[in-house]
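Presented below is the structure to which this report refers.
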Amino acid sequence: MCSNKASNQIGVNLPDKLGRQQTGEIYRGQALEFCPEEWRPWKGKCYFVSKEKKDWISSLRDCVSRDSHLALLKNTTDLGFISNSTKEQYWIGLNFTNNTWIWLDGTKSRAPEIRHNSSCAVISANRLLDWNCDYTNRWICEKVAVQLHFDPEHNLPVTMTNGRKHTVIINDKVQP
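Per full-length UniProt numbering, numbering through the sequence shown is continuous, rising by one, with the last residue being 176.
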């Protein structure tokens with residue numbers, strides 16, 4: 001599992017830490033963010049960076065199969081885990097529809113650098129470029145991280161998924 005504190009990114013094995021701290025006091029008032037294996041946490045979201053290459057629509061389908069969508073990288077300089085110097089292109093959730101560049105969430109975007117007069121977009125070296133949708137590239141999927149908050153008063157873990165809070169209280173008794 002991965003953890004991403006607001007100011008410090010660290011790897012955490014939660015069961016180990018909770019096992020060592022029966023009361024959970026070490027986490028009182030803190031929030032941890034978790035992403036699936038092979039996903040990278042970043043500012044409340046999880047990102048999957050593919051190793052294989054597919055066209056834009058196949059990349060979109062792959063993200064959907066992972067319960068996510070192509071990344072909405074509206075602020076390209078905000079992603080520290082993609083090297084500024086990479087020459088690789090990554091499909092993102094931006095395409096040209098009805099004479100407008102639109103993110104998959106429906107918001108309008110500034111136009112990428114026009115090079116190919118194409119309808120899809122990639123990120124490369126922190127720049128948005130238009131790209132032929134039929135070309136094959138790596139892609140980046142995005143989804144919301146699962147947030148685990150520890151109640152500052154009661155040491156109860158509160159899980160947040162898509163803004164909804166869930167508190168689970170388990171009373172386990174060990175029988176001799």
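Heads up, the beta-carbon is just placed ideally off N, CA and C, and yes, glycines get one too.
Going by C-alpha distance, which of the options is nearest residue i?
{"i": "I123", "options": "P36, E88, K51", "result": "E88"}
{"i": "W103", "options": "N137, R66, E142, C46", "result": "E142"}
{"i": "F96", "options": "E52, H69, L128", "result": "L128"}
{"i": "S50", "options": "G44, W42, L60, K43", "result": "L60"}
{"i": "L73", "options": "K54, S58, D62, W42", "result": "W42"}
{"i": "D55", "options": "E38, Y90, P36, W39", "result": "Y90"}
{"i": "N126", "options": "Y135, E52, E113", "result": "E113"}
Would you mind reading off the limits of the beta strand (DSSP E) that contains residue i?
{"i": "L94", "result": "90-97"}
{"i": "L73", "result": "No beta strand (DSSP E) contains L73, which DSSP labels as neither H nor E."}
{"i": "I57", "result": "Segment 56-65 is the alpha helix (DSSP H) holding I57; no beta strand (DSSP E) there."}
{"i": "P41", "result": "40-42"}
{"i": "Y135", "result": "Looking at the DSSP string, Y135 is not in any beta strand (DSSP E), and its letter there is neither H nor E."}
{"i": "T100", "result": "100-103"}
{"i": "K37", "result": "A quick correction: the sequence has Glu, not Lys, at residue 37. Unbroken run through E37: none, as it is neither H nor E."}
Which residues in the same chain have their Cβ closer than 7 Å to the Cβ of residue i, if we skip the five residues on either side of it in sequence?
{"i": "residue 182", "result": "Nothing about residue 182 can be read from this structure; the chain reaches only from 1 to 176."}
{"i": "S118", "result": "D130, W131, N132, C133"}
{"i": "R66", "result": "F48, C141"}
{"i": "D105", "result": "L72"}
{"i": "K53", "result": "T136, N137, R138"}
Excluding the five sequence neighbours on either side, which residues of its own chain have a C-beta within less than 6 Å of the C-beta of residue i, listed in chain order?
{"i": "A111", "result": "W101"}
{"i": "Q22", "result": "Residue confidence is low: Q22 scores 47 on pLDDT, short of 50, so the model does not pin down where it sits. No coordinate-derived value is stated."}
{"i": "S109", "result": "L94, W101, W103"}
{"i": "C63", "result": "H69, L70, C141"}
{"i": "C120", "result": "W56, N95, W131, C133"}
State buried or exposed for residue i, treating a residue as buried only when at least 16 other CB atoms are found within 10 Å of its CB.
{"i": "N137", "result": "buried"}
{"i": "N75", "result": "exposed"}
Got a sec, what are the start and stop residues for the alpha helix (DSSP H) residue i sits in?
{"i": "S124", "result": "No alpha helix (DSSP H) holds S124; the beta strand (DSSP E) holding it covers 120-124."}
Between which residues of its own chain and residue i is the CB-CB distance below 8 Å, once the five residues before and five after are set aside?
{"i": "I57", "result": "C133"}
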